[in-house]
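2 protein chains.
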Amino acid sequence: MTRISPRTGQAFKIKKGQFLKVTDPEGQQVSDMLAYNAEDTREYISSGRSIDFAGRLLLTTGDPLYSNRSNVMLTIVHDEVGRHDFTLTPCSEATFRILYGHTEPHHGCQGNFEKALAPFGIEPDDIPIAFNVFMNVDVDGKTGKIRVDPPMSKAGQSTIFRAEMDMIMALTACSAGESNNFTYKPIDFEILDSLPENLEQRAGVHA
Amino acid sequence: MTRISPRTGQAFKIKKGQFLKVTDPEGQQVSDMLAYNAEDTREYISSGRSIDFAGRLLLTTGDPLYSNRSNVMLTIVHDEVGRHDFTLTPCSEATFRILYGHTEPHHGCQGNFEKALAPFGIEPDDIPIAFNVFMNVDVDGKTGKIRVDPPMSKAGQSTIFRAEMDMIMALTACSAGESNNFTYKPIDFEILDSLPENLEQRAGVHA
Chain X
106 MTRISPRTGQ AFKIKKGQFL KVTDPEGQQV SDMLAYNAED TREYISSGRS IDFAGRLLLT
166 TGDPLYSNRS NVMLTIVHDE VGRHDFTLTP CSEATFRILY GHTEPHHGCQ GNFEKALAPF
226 GIEPDDIPIA FNVFMNVDVD GKTGKIRVDP PMSKAGQSTI FRAEMDMIMA LTACSAGESN
286 NFTYKPIDFE ILDSLPENLE QRAGVHA
Chain U
106 MTRISPRTGQ AFKIKKGQFL KVTDPEGQQV SDMLAYNAED TREYISSGRS IDFAGRLLLT
166 TGDPLYSNRS NVMLTIVHDE VGRHDFTLTP CSEATFRILY GHTEPHHGCQ GNFEKALAPF
226 GIEPDDIPIA FNVFMNVDVD GKTGKIRVDP PMSKAGQSTI FRAEMDMIMA LTACSAGESN
286 NFTYKPIDFE ILDSLPENLE QRAGVHA
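Chain order of the listed sequences is X and U.
When you read off a place in the first sequence, starting at 1, and then add 105, the result is the number in the working numbering.
When you read off a place in the second sequence, starting at 1, and then add 105, the result is the number in the working numbering.
Here it is in structure tokens:
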């Protein structure tokens, strides 16, 4: 198990068939997630393809996450929270400046991704819309208005993804107060070679 | 005035301060739109930034469209339709195959963008979520379910964008039956050095 400290990020490799377990150890904490094809990092996770093919903005157990080339990168196989966002870009210096009026803005998840992904040759412009694990964005269907609510994740709850290709991935412990009920908390993650037996039985069933 | 034939696309240059007028000549026809910084095409239009900063999925008159680097690329200055989409990737061979079950899928807006943008050195992987002019996507706020409805655009209605930097842009006459009430129609566009006087007076006011 690896802990991501508050307002930081980490990148790592994962093999096809392995599982990524993302846990919110304290509750109400978002983790932005990115994925790139390990063989060719020009292939990356795509919110637009995934939402289009699912016919839903909200993805959970059983849903595939597609790449920009329309290949399945990840499948959500177990989801104790069931509420994530796939519409917003990682928070950044500009987010804090433009949206929240901060005069000395933090570098945000964008900055943490840039730092974590640089050793893999992935540049700032290669960072797309992330899959924002545990992020709770309310959409008003009539007006289109969005509102960032506190995550529904309770302490110790997890979401597990199966890797469908060899990938370079990155996760953050999100840096935006508004997304995390105004406290900055850690995120835990684990790479598993197989699903724990008790989860295998439950896979496919919403928690 | 330039006409884009049904199920095709075109790319062109536009200067900062010029206006792009996109017209639906027959009604109920979508036009996917892309924009790249002419000086550095690694800077491109970003749905995630634009939606985040607006706090709305639905953008119209007065709304800026941001780049992945959080710079304003375009501003919507006049909008006779007021309903566009900024969540879905351009339709593609994979869209027609995965989503609609076509056995001999059309290359879609993705293919048309690839062909039109290649002479500018912009590659297939550089094509992000487009601003889908006139596309009418209904979102159920509770379930997240999306439904593609016929465009609200009537014959002859336009949306006008002001260019906020020198750009390479591309437009399509969208190829997906589902997005265009099942007929394939043309799209007209025009690059203007100034807004017509009658529109200047109305700019900022929803049609």
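C-beta: ideal position from N, C-alpha, C; glycine also.
One thing to note: X:M138 has its Cβ no nearer than 8 Å to the Cβ of X:L300. Listed along chain U are I203, L204, each with a C-beta nearer than 7 Å to that of X:F158.
By the neighbour-count definition (other C-beta atoms within 10 Å, threshold 16), U:A223 is an exposed residue. In the structure shown, U:G216 adopts helical secondary structure according to DSSP, grouped into three states.
Taken in chain order, the members of the stretch 221 to 232 of chain U whose beta-carbon sits within less than 9 Å of a beta-carbon on chain X are E228, P229, D230, D231, I232.
Annotation: the continuous alpha helix (DSSP H) that includes X:I156 extends over 152 to 159.
Under DSSP, U:Q262 forms a beta bridge with U:D129.
Residue pairing by DSSP places X:P169 opposite X:T180 in a beta bridge. Between X:D254 and X:D243, the beta carbon gap of about 5 Å places them in contact (Cβ cut-off 8 Å). When DSSP reads this structure, X:V238 sits in a beta bridge with X:S136.
Taken atom to atom, the span from the alpha-carbon of X:Q123 to that of X:M178 is near 12 Å. Close partners of U:V244 in chain X (Cβ separation under 7 Å): L162, V244, G246. The beta carbon of U:G261 does not come within 8 Å of any beta carbon belonging to chain X, so the residue lies off that interface. Bridge pairing for U:I232: absent [DSSP]. Between the C-alpha atoms of U:E198 and X:G114 there is a straight-line separation of about 35 Å. Residue burial annotation: X:G160 is exposed, with fewer than 16 other C-beta atoms found within 10 angstroms of its C-beta. Distance from the CA atom of X:I273 to the CA atom of X:E144, rounded to whole angstroms, is 9 Å. Taken through DSSP and simplified to helix, strand or coil, U:T107 comes out as strand. For X:L297, the pairing in a beta bridge is given by DSSP as X:F124.
Three or more beta-carbon pairs separated by less than 8 Å link the stretch 146 to 158 of chain U to the stretch 176 to 193 of chain U, which places the two stretches in contact. Under the three-state reduction of DSSP, U:T277 is assigned to strand.
U:N217 does not reach chain X, its nearest Cβ partner there being about 16 Å away, counting only Cβ pairs nearer than 8 Å. Pairing X:G249 with U:F266, the inter-Cα distance amounts to about 20 Å. Distance from the CA atom of X:P233 to the CA atom of U:F158, rounded to whole angstroms, is 16 Å. With respect to the C-alpha of X:P111, the residue from X:N303, X:D293, X:L297 having the closest C-alpha is X:D293.
Residues of chain U with a Cβ closer than 7 Å to the Cβ of X:T200 are, in chain order, D157. Under the Cβ criterion of 8 Å, X:I234 is counted among the residues facing chain U. For U:D298, the number of other beta carbons within 10 angstroms of its own is below 16, and it is reported as exposed.
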